[in-house]
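All remarks here apply to the structure that follows.
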Amino acid sequence: MSQPSEKSTTITRTVAGFVHWKVHDDRLDFRSDAYGVPTPAGLLLIDPLPLAETALANLPEVAGILLTAGCHQRAAWQLRDRLEAPVMAPEGAELDELPDAWLEDGSRPANDVTSRVVTGPSNPHLVILWESDPRVLFVGDLLMRDGDDSPFAPVPATHHEDYGATRLAVAGLLACAPDWLCPAHGAASANARSTVEAALAAWPE
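Quick note: the sequence shown uses the working numbering, first residue 659, plus one each step.
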């Protein structure tokens, strides 16, 4: 699977403790975002995007790479080879290479990191909960936004296998009690509950 042509030159550490980088994804003509959460063994990268050498050199030790969906392989295999970090992906996802481990509902790639199987635009799809303080939920393609302050919305209906089921999955995010919400496309929100509730209220028919 292809990856964006642009390589991020900057990795930022957020106030919530996770790391973040982004690129303009020429495959989509839209923004794409990637993350890393710290664990005692090192960072777990989530849907990683290409990194310039300067940024890669400043990346802390990486313990693993998590994919929320098969369509988010991005730079995962390149980084696996470069960093010797295992790739973990949703069980049953169609991938270019064989992952080192499959993730199921309730899998725990680290003590405070849990995967949850959800219905998304493409399936199988995962959300990743980092049970830190604050609690951070990485939602893949369930919700997205363009600008830093734009409202969250679903991926257009034509990209969903079951649009109604995706809405139910978004409503189910509230059960994870997240403080932060981090999409694969768009800026993170520090007000997860209000973000999800607003997206549900404005959900297109």
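Note that beta-carbon positions come from the ideal geometry of N, C-alpha and C, so glycine has one too.
My output table needs one value for residue i: the three-state DSSP class, helix, strand or coil.
{"i": "Val828", "result": "helix"}
{"i": "Val813", "result": "coil"}
{"i": "Ala857", "result": "helix"}
{"i": "Ser852", "result": "helix"}
{"i": "Ala846", "result": "coil"}
{"i": "Ala768", "result": "strand"}
What does DSSP give as the partner residue(s) for residue i in the beta ladder?
{"i": "Thr670", "result": "His678"}
{"i": "Leu784", "result": "Val775"}
{"i": "Cys840", "result": "Phe796"}
{"i": "Arg685", "result": "DSSP, once it has assigned bridges, lists no residue as partnering Arg685."}
{"i": "Ser690", "result": "Val681"}
Among the options, which residue has its Cα nearest to the Cα of residue i?
{"i": "Ser863", "options": "Arg685, Val828, Tyr821", "result": "The question names Ser, but residue 863 in the sequence shown is Glu. It is Tyr821."}
{"i": "Thr668", "options": "Gly694, Ala713, Ala699", "result": "Ala713"}
{"i": "Val677", "options": "Leu686, Phe796, Tyr693, Leu801", "result": "Tyr693"}
{"i": "Asp916", "options": "Asp807, Gly750, Ala747, Leu795", "result": "Lying before the first or after the last residue shown, residue 916 is absent from the chain, which here runs from 659 to 863."}
{"i": "Asp752", "options": "Asn781, Gly764, Asp763, Gln736", "result": "The residue asked about is misnamed: residue 752 is Glu in this sequence, not Asp. Out of Asn781, Gly764, Asp763, Gln736, Asn781 has the C-alpha closest to the C-alpha of Glu752."}
{"i": "His818", "options": "Asp799, Asp691, Ser790, Ser808", "result": "Asp799"}
{"i": "Thr670", "options": "Asp691, Ala860, Gly728, Ser663", "result": "Asp691"}
{"i": "Arg861", "options": "Cys840, Met802, Ser847, Gly844", "result": "Note that residue 861 corresponds to Trp in the displayed sequence, not to Arg. Answer by Cα proximity: Met802."}
{"i": "Gly778", "options": "Gly844, Ala721, Leu832, Val797", "result": "Val797"}
{"i": "Asn879", "options": "Leu724, Leu725, Leu701", "result": "What is shown of the chain runs 659 to 863, which leaves residue 879 out entirely."}
{"i": "Asp837", "options": "Ser852, His843, Val828, Glu749", "result": "Ser852"}
{"i": "Thr816", "options": "Glu711, Pro809, Thr824", "result": "Thr824"}
{"i": "Glu789", "options": "Ala835, Leu703, Ser847", "result": "Ala835"}
{"i": "Arg793", "options": "Gly675, Trp679, Ala759, Asp687", "result": "Gly675"}
Quick one: is residue i buried, meaning 16 or more other Cβ sit within 10 Å of its Cβ, or exposed?
{"i": "Arg738", "result": "buried"}
{"i": "His730", "result": "buried"}
{"i": "Ser784", "result": "Correcting the residue identity first, residue 784 is Leu in this sequence and not Ser. The residue in question, Leu784, is buried, as its Cβ has 16 or more Cβ neighbours within 10 Å."}
{"i": "His682", "result": "exposed"}
{"i": "Arg740", "result": "exposed"}
{"i": "Pro696", "result": "buried"}
{"i": "Leu826", "result": "exposed"}
{"i": "Pro698", "result": "exposed"}
{"i": "Val673", "result": "exposed"}
{"i": "Pro706", "result": "buried"}
Let me know the alpha helix (DSSP H) ranges lying completely inside the stretch 692-766, each 4 residues or longer, listed in chain order. 711-715, 734-741
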